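Notes follow once the structure below has been shown.
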Amino acid sequence: MSLSLQDVQRIAHLARIRVDETEAAGYQAQLNGIFGLIEEMQAVDTTGILPMSHAQDLSQRLRADVISEPDRRVAFQAVAPQVENGLYLVPKVIE
Amino acid sequence: MTDTIKHLSTLLAEGKASSVELCQDYLGRIERLNPALNAFITVDAEKTLTEAAAADTRRASGQAGPLTGVPIAHKDIFCAEGWLTTCGSKMLSNFVSPYDAHVIEQFKAAGMPCLGKTNMDEFAMGSSNETSYYGPVRNPWDTDRVPGGSSGGSAAAVAGRLAPAATGTDTGGSIRQPAALTGITGLKPTYGVVSRYGMIAFASSLDQAGPMARTAEDCALLLNVMSGFDARDSTSLERAKEDYARDLMQPLAGLKIGLPLEFFGEGLTGDTARAVEEAIALLKKLGAQPVAVSLPNSKLSVAAYYVLAPAEASSNLSRFDGVRYGYRTPDYRDLTDLYEKTRAEGFGSEVKRRIMIGAYVLSHGYYDAYYLQAQKLRRLIAQDFVEAFRQCDVILGPTAPTTAFKLGEKTADPVEMYLSDIYTIAVNLAGLPGMSLPCGFDAQGLPIGLQLIGDYFAEARMLNAAHQYQLASGWHTRAPTL
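Residue numbers (the working numbering), protein chains in the order written: chain A, 21 to 115; chain B, 35 to 516.
Take a look at the structure:
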């Protein structure tokens with residue numbers, strides 16, 4: 021497998037990371053090198069093997085549907101880039 | 035040894051030192067030596083001394099626990115209320131945490147003052163501590179060399195005697211490999227033993243926090259503090275508290291030590307091979323019995339890891355979008371522009387590479403070939419360990435293929451850097467406990483690490499073997515001249 025420059029740009033957009041043309045060429049070479057390492061997986065026959073997503077076979081713990089967290093909005097919003105009246109500000113999304 | 039936490043706790047208990055005095059000593063060493071090592075990102079003497087004074091008051095009132103007043107440094111991946119918590123990234127370079135990680139809460143409850151926040155590879159992605167936004171950490175044994183990573187700041191701080199102990203995290207070897215490269219003892223517990231709440235996530239199914247210190251005994255005492263159930267981490271295990279130091283003094287007679295064929299193959303050469311062989315010989319003298327075992331699929335662990343960890347990272351790091359916390363680009367047109375520029379400017383290149391790999395392997399049409407295939411290999415790798423532990427109590431091998439390498443030596447080729455973790459990654463994929471301890475030096479005077487791997491929840495057995503080895507060898511007592 022080999023990624024084209026176009027693939028790199030598509031992945032970068034999926035990841036929401038701006039990559040300019042000069043950078044793209046660098047990433048292309050590095051990502052292809054990494055995928056070269058990853059490709060050795062493909063030689064293994066894994067028919068019938070159950071995928072393992074986690075080290076411990078746990079089921080999701082449930083808790084009672086009650087409010088357990090105190091209101092710390094002021095403290096949490098103090099570290100936000102831009103807030104107003106308790107709301108996070110972002111550029112306008114709907115015209 | 036005069037600077038183990040075991041010894042410091044005795045000094046405090048006997049009234050021969052106060053926590054304020056101990057903290058002042060370490061802060062002085064940090065002030066003197068940190069400019070050369072860059073092991074700390076944040077030091078705040080006033081905060082440390084306030085915590086130390088509180089510990090002394092607590093002791094005076096008869097409320098002290100075993101480690102009250104003993105200082106510790108924390109990897110900058112742990113959120114600590116009121117402390118800058120950067121995770122080694124420009125993205126969080128302005129983030130003063132509004133809350134404590136569970137690990138931090140536990141150390142606070144134990145009365146252990148924080149000496150500062152240690153440098154690390156950006157978002158814990160790296161094996162040399164060269165990806166940090168705050169610059170590389172230097173190895174106290176040779177400042178032209180790396181301390182390993184990603185917990186490189188913690189490792190260098192402990193090795194350079196800037197702190198008696200530190201916390202680390204290990205996703206693919208990030209406690210064990212830097213411990214090996216700096217000649218200290220570091221332990222990654224069984225997945226789920228230490229809560230991940232407030233520990234900035236890299237790959238959630240692999241991340242686990244653990245102690246880094248001088249000795250196995252210190253690691254046991256620190257794990258007693260760090261471990262424990264926490265409902266806020268959905269993978270935290272509900273188990274009774276245990277004393278990890280309980281078996282330290284057990285004799286090793288009859289202990290079966292598994293030697294995986296795959297760890298002693300062509301990749302293991304020179305001084306590292308010799309030092310590990312000598313460690314096996316010493317353990318045999320102590321009564322342990324070597325057994326040949328095989329981990330046939332472990333050779334696939336690096337490949338599987340570089341699918342699974344980036345996939346989880348791409349999802350975890352999507353939270354850094356310039357909206358709720360951290361860095362935001364000063365100049366943007368619309369929301370997509372805000373996201374893309376914030377992330378392009380806020381993340382370093384290794385983090386971007388891994389996010390992109392993750393986005394790709396999870397994208398439409400590639401999921402089965404990469405992500406699912408890697409999860410299947412993960413099961414094969416874990417099953418190998420289950421088989422191996424039918425024949426032995428502890429597995430032994432090298433921690434890293436080489437001793438500390440020079441700064442810049444492996445930065446050009448990510449793949450070469452990734453192979454630094456060839457002996458440690460399989461342990462994370464299986465979720466087993468593992469540790470590294472010093473077992474000798476190479477011809478250039480650089481420390482060599484011995485890796486022990488325990489069965490699930492067998493930390494106490496592994497620590498027993500490590501402690502008995504340290505009582506009989508002296509490698510862990512050597513310190514670099516600074």
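Beta carbons: idealized from backbone N, C-alpha and C, even for Gly. Only a predicted model underlies this, so the values are computations on that prediction, with no experimental measurement involved.
Cutting at 6 Å between CB atoms, please list the residues of its own chain near residue i, excluding the five before and the five after it.
i       : result
T273(B) : In the sequence on display, residue 273(B) carries Arg and not Thr. Contacts found: none.
V480(B) : The sequence shown places Leu at residue 480(B), rather than the Val named in the question. Counting only Cβ-Cβ distances below 6 Å, and skipping sequence neighbours, we find W175, T437, A438.
Give every residue of the same chain whose Cβ lies closer than 7 Å to the Cβ of residue i, excluding the five residues on either side of it in the sequence, and list them in chain order.
i       : result
L295(B) : A326, S328
N173(B) : R179, V180, P181, A190, L215, T216, A438
D277(B) : N258
R424(B) : none
A287(B) : G321
R495(B) : D281, D427, V428, G488
Around the C-beta of residue i, are 16 or more other C-beta atoms found within 10 angstroms, so that it is buried, or is it exposed?
i       : result
S72(A)  : A small correction: the amino acid at residue 72(A) is Met; Ser does not occupy that position in the sequence shown. Under this definition M72(A) is a buried residue.
L293(B) : buried
H136(B) : buried
R81(A)  : exposed
T219(B) : buried
D402(B) : exposed
R280(B) : exposed
A34(B)  : Residue coverage of chain B in this structure runs from 35 to 516, which leaves residue 34(B) outside it and unanswerable.
I87(A)  : exposed
G49(B)  : exposed
V420(B) : exposed
G304(B) : exposed
K410(B) : buried
Q242(B) : buried
E89(A)  : exposed
I389(B) : buried
I391(B) : buried
G232(B) : buried
P101(A) : buried
Going by beta carbon distance, what residues of the same chain come within less than 8 Å of residue i, once the five residues before and after it are set aside?
i       : result
T445(B) : S162, E164, M451
K319(B) : A506
I44(A)  : The sequence as given places Ala at residue 44(A); Ile does not occur at that position. Contacts found: L25, V28, Q29, A32.
Does the beta carbon of residue i come closer than 8 Å to any beta carbon on chain C?
i       : result
P101(A) : Annotation note: the requested chain C is absent from the structure, which comprises protein chains A and B.
How many Å lie between residue i and residue j at the Cα?
i       : j       : result
K142(B) : R92(A)  : 21 Å
G53(A)  : T376(B) : 27 Å
L109(A) : V357(B) : 7 Å
D37(B)  : Q323(B) : 33 Å
Y60(B)  : R195(B) : 8 Å
F263(B) : K275(B) : 8 Å
F112(B) : F381(B) : 18 Å
C121(B) : R413(B) : 30 Å
G202(B) : E41(A)  : 37 Å
G145(B) : E85(B)  : 8 Å
W175(B) : I234(B) : 29 Å
E59(A)  : G399(B) : 16 Å
P69(B)  : A193(B) : 15 Å
Y373(B) : V64(A)  : 38 Å
A265(B) : V228(B) : 12 Å
Q485(B) : A499(B) : 11 Å
L118(B) : D368(B) : 29 Å
K109(B) : V130(B) : 15 Å
E115(B) : D77(A)  : 33 Å
L23(A)  : Q48(A)  : 6 Å
Please state the DSSP three-state secondary structure of residue i.
i       : result
P245(B) : strand
T91(B)  : helix
I291(B) : strand
G62(B)  : helix
M61(A)  : helix
Q48(A)  : helix
F298(B) : helix
V130(B) : strand
G474(B) : strand
C253(B) : helix
L107(A) : strand
L483(B) : Reading the sequence as shown, one finds Gly at residue 483(B) and not Leu. Looking at G483(B) - three-state DSSP - the assignment turns out to be strand.
M233(B) : strand
C148(B) : strand
A107(B) : strand
I459(B) : helix
K440(B) : strand
P514(B) : coil
G160(B) : coil
T306(B) : helix
At 3 residues or longer, what runs of the beta strand (DSSP E) sit wholly inside the stretch 318-376 of chain B? 323-327
Counting only runs of 4+ residues fully inside the stretch 162-215 of chain B, write out the alpha helix (DSSP H) ranges in chain order. 186-193
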